[in-house]
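Below is one structure, written out as structure tokens, with a few remarks after it.
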Amino acid sequence: MLAPCGAALCLLYAVSALADEAQLTLVDLTDDVCLERLKSDQPEQVSVARVADGSGVVVTCRPGKSDYPGIVLRPEGEGWDLSAYGHVEAKVANLGQVTSGVSLRIDNAGDWTTNPWNSETAWLKPGESATVRIRFGYSWGKPGFALDPARVTQLLVFVGKA
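Counting in our numbering, the sequence shown runs from 10 upward without gaps.
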């Protein structure tokens, strides 16, 4: 059984808290370089391929050892300074045949046991799409880790165990 999740058009943005402010694209999915930047810690379980029309990528997650298979996007430098923005969002679609939770997570550096991240999940039926949005300092719609948006070290997109 496959549990693919996909992204169309633009995947990752940092968006200002003010509606009329510009967006910062964290990765351009129309650029072939994006395939080099979207990595998985589980390459035997996760693959990334370009959509035929070039507008996005498809991330396919297969059953395996990882409880949360997906991809990681790291900044080209030491970190992203997103302090001028209010949230990060990703446009995702469920291309699989079963309902799946597609999660987006942004991290600060630190001991993983202190959960130095914010996360949000969209539950999608087959064929559905949505924008997953993380507001800094919140996880799953509630106050969470006090993320420092000036020191974002990575971004993850993942699903639950297939």
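Note that CB positions come from ideal geometry on N, CA and C, so glycine has one too.
Test item: CB-CB of residue i and residue j under 9 Å
i, j, result
"S141", "A99", "Position check: residue 141 holds Val in this sequence, whereas Ser was assumed. Yes, these two residues count as a Cβ contact at 9 Å."
"Q163", "L38", "no"
"I80", "V101", "no"
"P78", "N103", "no"
N-terminal and C-terminal residue of the alpha helix (DSSP H) that residue i is part of
i, result
"L44", "C43 to R46"
Cβ neighbour criterion (16 or more within 10 Å) applied to residue i
i, result
"A92", "Residue identity differs from the one stated: residue 92 is Ser in this sequence, not Ala. Exposed: under 16 other Cβ atoms inside 10 Å."
"V55", "buried"
"D41", "exposed"
"D76", "exposed"
"L18", "With a pLDDT of 28 at L18, under the threshold of 50, the modelled position of this residue cannot be trusted, and the question is left open."
Run of the beta strand (DSSP E) containing residue i, from where it starts to where it stops
i, result
"W126", "W126 to L133"
"T69", "V66 to C70"
"R142", "S138 to R144"
"A99", "H96 to N103"
"A159", "Segment: none, A159 is in no beta strand (DSSP E) and carries neither H nor E."
"Q32", "Q32 to V36"
"A58", "V55 to R59"
Residue from the options with nearest C-alpha to residue i
i, options, result
"P152", "K134, A139 and W126", "W126"
"Y94", "L35, V60, V168 and G110", "L35"
"L33", "V97, P78 and T69", "V97"
"G73", "P52, G136, G146 and W132", "P52"
"N117", "T69, K48 and F145", "F145"
Cβ separation of residue i and residue j, assumed to be a contact under 8 Å, to the nearest whole Å
i, j, result
"V161", "W89", "4 Å"
"V123", "G110", "Here the sequence assigns Thr to residue 123, which means Val is not the residue at that position. With a Cβ gap of about 23 Å, T123 and G110 do not count as contacting."
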